[in-house]
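Worksheet: one structure, shown below.
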Amino acid sequence: MRDPSLSDYSPINGDCFMISALGSIGLGWLFLMNKRGDIRKKFHIEGSTCGDCCVSFWCPCCVLIQHENEVEGRTDYGPINTGYQSQAQNMEMK
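Count the sequence shown with the numbering used here and you get residues 118 to 211, in order.
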């Protein structure tokens, strides 16, 4: 959500640590509820904290899929400015 292009991607980051730590003691849904609220606020999606809590607690897998779909569907990556790049001259067909 912070960087959809994943330019600073690292397999070990704060979000992964938090969901793993909270999940190991059965509280991973709290992290998901918080992220769900953040996504709703960022993209102006209707809903409530109570709804976020219920969905995150009862179906965390569904919440993760919804997070990904909403962020991917609502994020504008901008136009591709590179256009067509011609191949090197003197290419030989075989």
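Even for Gly, the Cβ is constructed at its ideal location relative to N, Cα and C.
If you're wondering where the values come from, they're calculated on a predicted model, not measured in any experiment.
Shown here, T166 sits in a helix according to DSSP, grouped into three states. A residue is called buried when at least 16 other Cβ atoms come within 10 angstroms of its Cβ; W175 does not meet this threshold and is exposed. By the criterion of a C-beta distance shorter than 8 Å, R157 is surrounded in its chain by E163, G164 and D169, once the five residues flanking it on both sides are discounted. DSSP places L144 outside both helix and strand once states are collapsed to three, so it counts as coil. In this structure, DSSP gives C178 a helical state, which the three-state scheme calls helix.
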